[in-house]
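K.L.:
Quick note on our numbering: the sequence shown kicks off at 1 and runs consecutively. Yeah, the Cβ is synthetic: ideal placement off N, Cα and C, and Gly gets one too. None of the values given here were measured: they were computed from a predicted structure.
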Amino acid sequence: MSDFTLTGRHVAMIFGGAFTVIIGVNIALAVNAVKTFPGLETKNSYVASQSFEADRAAQEALGWQVSSDFDGDFLVLRFDSDAGPVQPVITRAVLGRATVASEDREPVFAWDGAAYVAHVPGLDRGKWDLRLEAQAEDGTMFRRRFEMEHRP
């Protein structure tokens, strides 16, 4: 048998060590959560919700079928309607990861006669989001987020 005796001092040190580990892990997770927080989608969700249904109905009334995909180092964005390709004004486009804002970039789109194309070199493999805002000829705003997989 061992001559070791578990004393109150040992129990207090074990107890203190366990809580130190727990607090340390909590601090590390909290710091990581704050560092990777991409930001708010909207400043005031109540105010944004007041016009949501009307905005959605106006957007759907445009009758556009919109698609986005990667073609090598290029991002291709197509706006189609029953009459053929549509060329709205792109007011804002942000390509980034869903969880981290540090990789966000604003692609510069050029119209090629059938679709918008943007050169986006150096993208890592994986999931990317395109947050898009475009304006129709009649002033109707079109907003959508596309989730895409990049496989270089």
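#1: Using a Cβ-Cβ cutoff of less than 7 Å, which residues in the same chain neighbour A98 once the five nearest sequence positions on both sides are dropped?
#2: When the Cα atoms are used, what is the spatial distance from L62 to P85?
#3: Counting beta carbon pairs with one atom in the stretch 89-108 and one in the stretch 63-70, are three or more of them shorter than 8 Å?
#4: Determine, using beta-carbon pairs with one atom in the stretch 104-122 and one in the stretch 68-75, whether at least three such pairs fall under 8 Å.
#5: Would you give the residue range spanned by the beta strand (DSSP E) that K66 belongs to?
#6: So L132 and F146 are in contact, right, with Cβ under 8 Å, and what is the actual spacing, rounded?
P.N.:
Taking the definition as stated:
#1: As a working mapping, residue 98 is identified with position 98 in the sequence shown. Taken in chain order, the residues that qualify are K127, D129.
#2: The residue given as residue 62 occupies position 62 in the sequence shown. The residue given as residue 85 occupies position 85 in the sequence shown. So the two alpha carbons sit approximately 13 Å from each other.
#3: No, the stretch 63-70 does not touch the stretch 89-108.
#4: Yes, the stretch 104-122 is in contact with the stretch 68-75.
#5: Residue numbering aside, residue 66 sits at position 66 when the sequence shown is read from its first letter. For the sequence presented, residue 66 should be read as Val rather than Lys. From DSSP, the beta strand (DSSP E) with V66 extends over 65-71.
#6: Position 132 of the sequence shown, counted from the start, is the residue given in the question as residue 132. Position 146 of the sequence shown, counted from the start, is the residue given in the question as residue 146. Yes, L132 and F146 are in contact; Cβ-Cβ is about 7 Å, under 8 Å.
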